[in-house]
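Peer 1:
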């Protein structure tokens, strides 16, 4: 189908039950307009499928001498079924080798179609081309100038179409949009295909490219396309026909254009020489190409631009991108038609080319990544048609740039605040800008632009004085302030209504972000001229806020002192290295106030808080802030050496406000993760009362907290209470607990918490040097509350992994009784525990035996039931005192994988000592060190009661050595051969 129609017009009842309509088309737009529910793209055939189709269509036997040539012919069809069928049909009955070889040679020549392909394929494919409008046709033909099978960057293709005037609009943004629309339409017409990561490139099928080249040369405007052919020399003068319109020699190995080559091509408009090895081009080369409009020399090794280029009065675009060796450009004064000059990456260009100010028609100027430090005064102001200026760290005059009324994109540097003010005073609204104020030594601010739009200002350190007025554009979306002196805060920058990201770094005098606590009266004219702060929120759309290295910052907000920043849309808050920071908001005054100074929607969109190296921070969220954090998902705290609690609830004396019951709306309903590190005064992550307010908490991670004693506090009070303070679903979402380098931790979960961890999946403990047990059971005296029997719901029904490392007082990971309560435990990993004697401890239990820890007998569990629920993997390494994995022989029915290294005292593995291997055993892996002998010798020294046990296990034993897993039998065989 080539066009859509209404199905009701022809009486097709597609909405009736059982009626299905299948259509085929070369235009995806037809599918969309026909409201197709499922669109299936037909991809090119694979090599195997293509060969099978060729042989089926050929329908004759081939001599061996022709098979290799035939396979290459099929490959030239690039999986296009129509081309394969046509080629196979045309070769029927051909028995001479030279015919097959000649056909292959013709197919390899770009733009040359076999007669059979011209007659059979061309009429079908060309119909897709003929249905395109003129603009799409020209864009399509432009793609054929690129090498075969190469990805064509969308941006580069659009720029070339603009340079060739295929696309022409009054605004550059309109031209980019039009370019993307043209490419999208060509993709829908199956004449181009998306290629590369993120759809940033396109590719043209080889057969379609041949058709495009054929179309170009059939017209009265011939082209010479020899791109990507590996040429080492420029084609001779004879090949440069006088009526050539376009020449593409891109992606070749040509190094020199000698003086003997001087083509006479007065009509040549486009010359593409990019990605060649050029280091020298004779000035005679361009002398007889006076019609040239586009020259692309990007990514070549030229050291200078030939002077003859500067006489091309019709030249529209000169592209010299990434010519790293280019150091000299002659005067540009004669190129009065030039609209585009791209010098990006020409790092050896140290000065602005002479005559730049004469290019009165210039609309695109890119000087990024050059050696230029500044553009001389009086140059930019002459380029009145300029739409696109990329100068990045190059200094320009603010007034000159501000008066460019057609400017759409601006990347440049202003040497001081006064230049910024001059720009702001004269400029009109533009679509995109990145402005550097002051120094230009720091590249990190560019990441702001990726996250927060395309209007960015970086205020570098050391270039302004206290008392200067700073007029920022009102539509700035990202602002980075570094080293700004004086006692200022964000209230000083009025009305930044579009600001989405704000980073403040190295501002030594800032004590609060909004509000004027402790700040002297502002000098007249400082930052923004004002007599009093304006009402309302200064940054109502701020999403990202980062603060780093502000040593006097005490509170982010001081609500009682003219606070004009409420962060209603803030999503991420990051604070680093603020030595005096005490809190996010000054809560002491807030609590004494009769009314809350913050509106109810302040901080209401905040999702992430990260605090690092702020030693005076007392907590992350206090009573004033806590009720506002409706959308908070992540809390990360590191290096808060004086912090004792993450979340502060009101004091219990004299009469605290009541904490909401778990049945009411929780304070932090979406919080899923808490990470704490290097908080050496913190004894617990959360109290039980606070934990009640966190119904969706999924992960708790604690690292290097020297005084941390428990993850969740308050067990003692709970155990002695007559009524449990916790509802049955209080911990239902917690999935992961990780403890690292917390020497005072005694256990991960105590008896009060254990029954409530319904969704806990992972426990990881490392460096808890005083921990003796992972899970604490009640003491047997005087009278502990009974643990539910195994016949009831297990304590940790979803726990799949326990990892233990560097716990040097721990003698076993689990008791056998607790192991029975973990029906889904799949992995136990133990590493570097010096006192570990057994992995699963306790005496062997007979079926129906009663344990002192359970309120009823442990039920008999058949091996079949165990296998249906889990397969156990054991990873044991560096355990010098380990004597037993588990004495309970029932464990053999669960064991799946055992990895062992450096367990010298383990002399017998009871669960493996039998006439046959365990039913679910997959492998036993010995993790070897470089000599490859220690653990193999340990295996050989193991003691076995059953005489056949070792022999039956050997097929399952592997040695992991040099990142390779080798069967033990092979290593033994190799040792015998040696």
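Numbering (full-length UniProt numbering), first residue to last: 1 to 978.
Beta carbons are placed, not taken as given, at the ideal position from N, Cα and C, and that holds for glycine.
Could you check what DSSP says for residue 608 in three-state terms: helix, strand or coil?
Peer 2: The answer is strand: DSSP assigns residue 608 an E or B state.
Peer 1: Taking only the alpha-carbon atoms, compute the straight-line gap between residue 236 and residue 285 and give it to the nearest angstrom.
Peer 2: Roughly 12 Å separates the two Cα atoms.
Peer 1: Do the CB positions of residue 618 and residue 579 come within less than 8 Å of each other?
Peer 2: Contact flag unset, no.
Peer 1: Is residue 393 buried or exposed, if buried means 16 or more other CB atoms sit within 10 Å of its CB?
Peer 2: By the neighbour-count rule (16 or more Cβ atoms within 10 Å), residue 393 is buried.
Peer 1: Using DSSP's beta-bridge definition, name the partner residues of residue 223.
Peer 2: Answer is 246, bridged to residue 223.
Peer 1: Run the CB neighbour count on residue 23, radius 10 Å, all protein chains shown included, and call it buried at 16 or more, exposed below.
Peer 2: So residue 23 ends up on the exposed side.
Peer 1: Could you pull out every residue in the same chain whose Cβ sits closer than 7 Å to the Cβ of residue 696, ignoring the five residues on either side in sequence?
Peer 2: Closer than 7 Å at Cβ, skipping near neighbours: 669, 670, 671, 672 and 733.
Peer 1: Applying the 10 Å Cβ sphere with the 16-neighbour rule, what's the burial state of residue 331?
Peer 2: It counts as exposed.
Peer 1: Compare the beta carbon distance of residue 383 and residue 412 with 8 Å and say whether it is the shorter of the two.
Peer 2: Not in contact: residue 383 and residue 412 (Cβ atoms no closer than 8 Å).
Peer 1: So, is residue 363 buried or exposed, given that buried needs 16 or more other C-beta atoms within 10 angstroms?
Peer 2: Buried: at least 16 other Cβ atoms inside 10 Å.
Peer 1: Let's test the definition: count the other Cβ atoms within 10 Å of the Cβ of residue 531 and tell me whether it reaches 16, buried, or not, exposed.
Peer 2: Unreliable placement is indicated for residue 531, whose pLDDT of 35 sits below 50; no coordinate value is reported for it.
Peer 1: Short check: CB of residue 826 to CB of residue 871, under 8 Å?
Peer 2: Taking 8 Å as the Cβ cut-off, residue 826 and residue 871 qualify as a contacting pair.
Peer 1: Applying the criterion that 16 or more other CB atoms from any shown protein chain within 10 Å of the CB defines a buried residue, is residue 146 buried or exposed?
Peer 2: Residue 146 comes out buried.
Peer 1: Can you tell me which of 179, 763 and 4 puts its alpha carbon nearest to the alpha carbon of residue 153?
Peer 2: Among 179, 763 and 4, the Cα nearest to that of residue 153 belongs to 179.
Peer 1: According to DSSP, is residue 202 part of a helix, a strand, or is it coil?
Peer 2: Of the three classes helix, strand and coil, the one that applies to residue 202 here is strand, per DSSP.
Peer 1: Note the first and the last residue of the continuous beta strand (DSSP E) segment covering residue 55.
Peer 2: Careful: residue 55 lies outside any beta strand (DSSP E), inside the alpha helix (DSSP H) at 47-58.
Peer 1: Look at the Cβ atom of residue 995, then the Cβ atom of residue 234, and state whether they are nearer than 8 Å.
Peer 2: With the chain covering 1 to 978 only, the question about residue 995 has no answer from this structure.
Peer 1: Would you decide whether residue 370 is buried or exposed? Buried here means 16 or more other CB atoms lie within 10 Å of its CB.
Peer 2: Classification of residue 370: buried, given that the 10 Å Cβ count is 16 or more.
Peer 1: Round the Cβ separation of residue 28 and residue 39 to the nearest angstrom and send it over; I've been treating them as touching at under 8 Å.
Peer 2: So it is a contact: roughly 7 Å between Cβ atoms.
Peer 1: Excluding the 5 residues flanking residue 131 on each side, which residues of the same chain have their C-beta closer than 7 Å to its C-beta?
Peer 2: 2.
Peer 1: Please list the terminal residues of the continuous beta strand (DSSP E) segment that includes residue 710.
Peer 2: Unbroken beta strand (DSSP E) run through residue 710: 710-713.
Peer 1: For a quick check, are the C-beta atoms of residue 386 and residue 406 less than 8 Å apart?
Peer 2: Contact: yes.
Peer 1: Just checking: is the beta-carbon of residue 545 within a distance shorter than 8 Å of some beta-carbon in chain C?
Peer 2: Absent here is chain C; the protein component of the structure consists of one chain.
Peer 1: What does the alpha-carbon distance come out to for the pair residue 340 and residue 177?
Peer 2: Straight-line Cα distance between these residues: approximately 19 Å.
Peer 1: By the three-class DSSP mapping on this structure, what secondary structure does residue 970 have?
Peer 2: Note: residue 970 maps to helix in three-state DSSP.
Peer 1: Please report the distance separating the alpha-carbon of residue 200 from that of residue 194.
Peer 2: Each residue's alpha carbon lies about 8 Å from the other.
Peer 1: Tell me which residue opens and which closes the beta strand (DSSP E) that residue 177 is part of.
Peer 2: Unbroken run through residue 177 is the alpha helix (DSSP H), 172-188; no beta strand (DSSP E).
Peer 1: Under a Cβ-count criterion, where at least 16 other Cβ atoms within 10 Å of its own Cβ denotes burial, should residue 98 be classed as buried or exposed?
Peer 2: By the neighbour-count rule (16 or more Cβ atoms within 10 Å), residue 98 is not buried but exposed.
Peer 1: Relative to the alpha-carbon of residue 616, which residue among 554, 477, 546 and 689 has its alpha-carbon at the smallest distance?
Peer 2: Nearest option by C-alpha distance: 554.
Peer 1: Rounded to whole angstroms, what is the Cα-Cα separation between residue 846 and residue 623?
Peer 2: In this predicted model, residue 846 has a pLDDT of only 44, less than 50, meaning its place in the structure is not dependable enough to derive any value.
Peer 1: Quick check on residue 153: does DSSP put it in helix, strand or coil?
Peer 2: Correct three-state label for residue 153: strand.
Peer 1: Tell me which residues share the same chain as residue 5 and place their Cβ nearer than 7 Å to its Cβ, disregarding the 5 neighbours each side in the sequence.
Peer 2: Cβ within range, chain order: n/a, list empty.
Peer 1: Please classify residue 360: is it buried, with 16 or more other beta-carbons within 10 angstroms of its beta-carbon, or exposed?
Peer 2: Flag for residue 360 reads exposed.
Peer 1: Counting only the same chain and skipping the five closest in sequence on each side, list residues whose C-beta sits under 8 Å from that of residue 920.
Peer 2: Hits under 8 Å: 867, 871, 893, 894, 895 and 896.
Peer 1: Inspect the beta-carbon positions of residue 140 and residue 191 and report whether they are closer than 8 Å.
Peer 2: In this structure, residue 191 lies closer than 8 Å to residue 140 by Cβ.
Peer 1: What does the alpha-carbon distance come out to for the pair residue 46 and residue 969?
Peer 2: Straight-line Cα distance between these residues: approximately 41 Å.
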